[in-house]
Amino acid sequence: MEVDIYDEIFGGLPGQVEQNYGLHPMLIDHVVERVLESMDPELLGHYCKIFRCVSKDWCRVATRVYRQRRGRITFKKNFIGRVTELFIRVMRTSSDIPFDKFRFCTDSYDDENFGDLLHECSGAIVNLELLLTNPCDLKFPKDLSDLVLGRLKSLTLHVRIDSHAELQPEMPSLFVSLLRGSPNLRRLDLKVFGGTPKTVQMINVKQQIVNKFGDALVNNFPSTVRELKLNMTLTDEQLQKLTQKQKDILSLEVYFQQSTFGHGTLQQFLESVAPTLLHCKAVGSQFLVEMDFPVFPRLQYLVALGRPPPLLYYKQIFPRLSKLEICLWDEDQQGSVFPDNCQSETVIEMDFPYAITKPLVITRVSHCFQNLKILRNVVIGSFTAMSMIFEKLKSLSELDLYLGAEFHDMDRRGLAVDGVFTGFPPEMCEWLLRHKEYCSSPSTLVQRWDHKSSLRRLRNLKTLRLSACHMRSASTIRLTDITVNFALLQMENLEKLHLDFFPMSEKSVERLDNKFRLTRPC
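Okay, so the sequence shown: first residue is 554 according to the working numbering, each after it adds one.
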């Protein structure tokens, strides 16, 4: 949660009010801490402010609790000029600053006290976020070469290029100062983005702006960084320089936008980070299509969004991969991502945030990942694809489904949705619902149709989430009491159930709530 400056800052900081009451036997650290932790989170700042005014011991404990549970301050347009000066004076007299997460928004950078503020709080800042625009009305001193952020672990710098008519070098210079002054930086998130230039001159200016940030990055890249997020355009030369830097990256997320790399440049970069990488996310890079993946001996989590490489040999390239997230722009690309002869025994968890209409996709997934236990964020667009999940992925213990277009087609499909989940013919579902013949002895019908594909095939399932697709209403999906009685209530090992507001009776929902840990959308 973020801090409201006026309510939280000016009302009690270390050294402001001290009274010597002595220490009551019950006022030991963990008692004070438990009292604060039991309070309403919305009132935590108010009570911490009061506790900080009682004694040095209470101030120390309250500051620690506040910093752990909130500790974030955001600087916006209303925090400039005299307000900044007052804040700096308070921080200067404070022996224990209660904030360690500092966030500066775009409209706070025209303050001439900005540099002083960073210097005064430099010993407290652990997490620093800078949201910039280029150009902006800069008034603070540009030379921050003496700035030392000894505790800084995470640096986020997002630059929005609002105008392509002016080249402003101050922000890249600030970025250089932050990199050089952060000896213990572990996480770096750099994003440079903006609109499309309308003239050749604007294109050139924008490229110069982007290049300055790229040069600042590759020439001053800290060897301490373990988590790197890049969303920007880099030149071939810049990526080569970054490749040559000493680094032990554990987590990498890249979106190279309109970069034009030479043959092998991206592959060499990935080879340089492959030995240590545990988490990798590649977004929309056409270069992945043209390269052979190096071996990632330690990689556990892979996210690929966009165009996939031509062939992924999971067992050879990712011998320790356990979680995979795939989002393709074209469902026809699944052949290269899930080839028949490229199995992985280590992948147990998968996110699939795009619409699946072809049952062949599910078949290929089942062949590639035979030990798959968790399948999340799947948008199912057809009955046949849904049936294939029940048929091929019987080892699942957790399933998260969003019902897509075909499930909303009530006029044409009617109660066929119930049929997919129960394995019953649609005509039987309609008759059962009309005559309410589903409460007395459902086991008889279940046994008769148990040879058909249905939700009941997932006998190991412990967690199930069923929702309407985004921007759709669950009330238009005919998932009724038939599915409740002949599918959901027949799941012997199911423990947790999240259910959208489908057209089910209150009595059926109550029965589900009695048997499972049922949750509904907020």
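Where a beta carbon is used, it is the ideal one built from N, C-alpha and C, also for glycine.
Exercise for review: Find out if the Cβ-Cβ distance for the pair M785, F822 is shorter than 9 Å.
Suggested key: no
Check your understanding: In three-state terms, what does DSSP make of I641?
Key -> I641: helix per DSSP, three-state reduction.
Review point. Are the beta-carbon atoms belonging to T637 and L681 less than 9 Å from one another?
Key: no
Practice item. Have a look at L949 and R929 and give me their C-alpha separation to the nearest angstrom. Key: 11 Å
Point to revise | Straight-line Cα distance separating D660 from D715 | key: D715 and D660: Cα-Cα distance of roughly 13 Å.
Review point. If we call anything under 9 Å between Cβ atoms a contact, is T788 one with P736?
Key: no
Exercise for review: May I ask which residues mark the beginning and end of the beta strand (DSSP E) holding C833?
Suggested key: Run containing C833: H832 to V836, per the beta strand (DSSP E) assignment.
Check your understanding: Taking the runs of the beta strand (DSSP E) that are 3 residues or longer, which of them lie wholly in the region 974–1023?
Key -> 1016–1021
Check your understanding: Do you know whose CA, among C689, L858, L865 and R873, lies nearest Y907's CA?
Key -> Checked all of C689, L858, L865 and R873; the closest Cα to Y907 is L858.
Point to revise | Every unbroken beta strand (DSSP E) inside the region 666–731 [3 residues or more] | key: 680–687 and 707–714
Practice item. Jot down the residue ranges of each uninterrupted alpha helix (DSSP H) in the region 765–832, minimum 4 residues, whole runs only, in chain order. Key: 789–797 and 818–826
Practice item. Report the partner residues of C880 according to the DSSP bridge assignment. Key: L858
Practice item. With distances taken Cα to Cα, identify the nearest neighbour of S1006 among S1028, S1026, A1021 and P978. Key: Comparing Cα-Cα distances from S1006 to each of S1028, S1026, A1021 and P978, the minimum goes to P978.
**Study point:** K794 versus L925, P912, Q761 and F814, residue with shortest Cα-Cα distance
**Key:** The shortest Cα separation from K794 among L925, P912, Q761 and F814 belongs to F814.
Review point. Cα separation between L985 and I1035?
Key: Computed Cα separation, rounded: 7 Å.
**Study point:** Through-space distance from L732 to G703, alpha-carbon basis
**Key:** 11 Å
Check your understanding: Can you tell me the Cα-Cα spacing of V753 and G747, whole angstroms?
Key -> The straight-line gap separating the alpha-carbon atoms of V753 and G747 is approximately 16 Å.
Exercise for review: Just grab the DSSP bridge partners of R740 for me.
Suggested key: S707 and E780
Review point. When we look at the beta-carbon of E898 and count the other beta-carbons within 10 Å, is it buried (16 or more) or exposed?
Key: exposed
Check your understanding: Is T627 helix, strand or coil by DSSP?
Key -> strand
Practice item. With DSSP as the reference, label P933 as helix, strand or coil. Key: The question names Pro, but residue 933 is Ile in the sequence shown. Of the three classes helix, strand and coil, the one that applies to I933 here is strand, per DSSP.
Review point. Using the beta-carbon count (16 or more within 10 Å), is Q791 buried or exposed?
Key: A residue is called buried once 16 or more other Cβ atoms fall within 10 Å of its Cβ, and Q791 is buried on that count.
Review point. Is it a yes or a no for the region 1045–1060 touching the region 1010–1025, going by three-plus beta-carbon pairs under 8 Å?
Key: yes
Exercise for review: Report buried or exposed for T749, applying the criterion of at least 16 other Cβ atoms within 10 angstroms of its Cβ.
Suggested key: exposed
Practice item. For the beta strand (DSSP E) containing Y955, list its first residue and its last residue. Key: E951 to L956
Check your understanding: When you compare only the Cα positions, how much space is there between L710 and P722?
Key -> 15 Å
Review point. Going by DSSP, what residues sit across from A908 in a beta bridge?
Key: V932
Review point. For V618, which three-state DSSP category applies?
Key: helix
Review point. In this structure, does DSSP put P578 in helix, strand or coil?
Key: Per-residue confidence for P578 stands at a pLDDT of 46, beneath the threshold of 50, marking its modelled position as unreliable; no derived number is given.
**Study point:** L639 burial status per 10 Å Cβ neighbour count (16 or more: buried)
**Key:** exposed
**Study point:** Local conformation of F960 per DSSP, three classes
**Key:** helix
Practice item. Could you tell me the boundaries of the alpha helix (DSSP H) in which F1039 lies? Key: Going by DSSP, F1039 is part of the alpha helix (DSSP H) stretching over D1034 to F1039.
Point to revise | Among V763, L783 and L874, the one whose alpha carbon lies nearest that of R740 | key: L783
Point to revise | Of the residues S726, K751, C689 and K695, the one placed nearest F766, counting alpha carbons only | key: Residue S726 is the option with its Cα nearest to F766.
Review point. Which of helix, strand or coil does DSSP assign to P1074?
Key: Three-state result, P1074: coil.
Review point. What does DSSP give as the partner residues of V745 in its beta bridges?
Key: V712
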